[in-house]
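What follows is a set of notes on a single structure, which appears directly below.
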DNA sequence: CCATGGGTCGATACTAATACCGGGATAGCA
DNA sequence: TGCTATCCCGGTATTAGTATCGACCCATGG
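Residue numbers (my numbering), protein chains in the order written: chain G, -9 to 91; chain D, -9 to 91.
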């Protein structure tokens, strides 16, 4: 395969990322936030609505910078949304898609 | 425009990101690192060599997680290579527009 | 009533990211 | 010498991200 489709887990993470960013934006207009971050309002909206599951690192970083969010906090949030009940073991490598072939 | 080409600044940031990740990888084999992060070795190599300037947020986060890097530190490094002083805010978007309304 | 601002959505255009394939270069060791 | 491991590079295939355009809905205020 070449450029495999997004997995359901990635789509779910995209939705969580969008919800998190929209919550962090609060009352600020979407237009200003997008222009401040240096991207088009439509792109920001697609990210917030979760229709763009895996945006570029620079895009997320720019939005997080405008909103005053920590990238590590964002990643922790969308990677482990519910309480970290997992008792350690941070290494997961997604799902280790298929590694051994 | 639709999906404008990468600017020289973005290409430069991509090179810095790659150099940073390669430095952080140290002696670990590229293959293990890539598989641990859940991506193909080719993708990791392209990112490290700077030929992929704007990888997905999840991709960078996975690599940073494997290498034990802070995403905020990574972004600060590649966004402001010199003077990573924490006093300044992450200002992007060329000219910060004011909230018009 | 209409005008304006903010949000949403669909279709479309075009580039970039991810992955697999083959080959090649280098270094270390039997 | 050959063998293996690691890294690098070219091309190719396919999906995904980014951006523009158009239209629509729902408020608020003229």
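Each residue gets a CB set at the ideal place from its N, CA and C atoms; glycine is no exception. Small disclaimer: the values here were computed from a predicted structure and weren't measured.
Just mark residue i as buried or exposed, buried being the case when its beta carbon has 16 or more other beta carbons within 10 Å.
{"i": "residue 97 (chain D)", "result": "Nothing in the structure corresponds to residue 97 (chain D), since chain D is present only between -9 and 91."}
{"i": "residue -1 (chain G)", "result": "exposed"}
{"i": "residue 50 (chain D)", "result": "buried"}
{"i": "residue -3 (chain G)", "result": "exposed"}
{"i": "residue -6 (chain D)", "result": "exposed"}
{"i": "residue 62 (chain G)", "result": "buried"}
{"i": "residue 90 (chain D)", "result": "Note that residue 90 (chain D) scores 31 on pLDDT, short of 50, meaning its location in the model is unreliable and no value can be drawn from it."}
{"i": "residue 55 (chain D)", "result": "buried"}
{"i": "residue 67 (chain D)", "result": "buried"}
{"i": "residue 38 (chain G)", "result": "buried"}
{"i": "residue 64 (chain D)", "result": "buried"}
Classify residue i as helix, strand or coil using the three-state DSSP reduction.
{"i": "residue 46 (chain D)", "result": "strand"}
{"i": "residue 4 (chain D)", "result": "helix"}
{"i": "residue 32 (chain D)", "result": "helix"}
{"i": "residue 20 (chain G)", "result": "helix"}
{"i": "residue -2 (chain G)", "result": "helix"}
{"i": "residue 77 (chain D)", "result": "A caution first: residue 77 (chain D) carries a pLDDT of 44, below 50, which makes its placement in the model unreliable, though a value can still be read off. If DSSP states are grouped into helix, strand and coil, residue 77 (chain D) belongs with coil."}
{"i": "residue 64 (chain D)", "result": "helix"}
{"i": "residue -8 (chain D)", "result": "coil"}
{"i": "residue 59 (chain D)", "result": "coil"}
{"i": "residue 15 (chain G)", "result": "helix"}
Against residue i, what residues of chain G qualify as contacts under a CB-to-CB distance less than 8 Å, listed in chain order?
{"i": "residue 46 (chain D)", "result": "44, 45, 46 and 47"}
{"i": "residue 57 (chain D)", "result": "Within 8 Å Cβ-Cβ: nothing; residue 57 (chain D) doesn't reach chain G, min ~12 Å."}
At a CB-CB cut-off below 9 Å, which residues of chain G make contact with residue i?
{"i": "residue 3 (chain D)", "result": "48"}
Under 8 Å Cβ-Cβ, which residues of chain D neighbour residue i?
{"i": "residue 0 (chain G)", "result": "48"}
List the residues of chain D that residue i touches, going by C-beta distances under 7 Å, in chain order.
{"i": "residue 61 (chain G)", "result": "61, 62 and 65"}
{"i": "residue 14 (chain G)", "result": "Near residue 14 (chain G) there are no residues of chain D at all, since even the closest Cβ is about 14 Å away, more than 7 Å."}
Residues of chain G with CB under 7 Å from residue i, in chain order?
{"i": "residue 51 (chain D)", "result": "65"}
Q. Is the stretch 35 to 50 of chain G touching the stretch -9 to 8 of chain G in the sense that three or more CB pairs, one from each, lie closer than 8 Å?
A. yes
Q: Tell me, please, whether the stretch 13 to 25 of chain G touches the stretch 25 to 40 of chain D by the rule of three or more beta-carbon pairs shorter than 8 Å.
A: no
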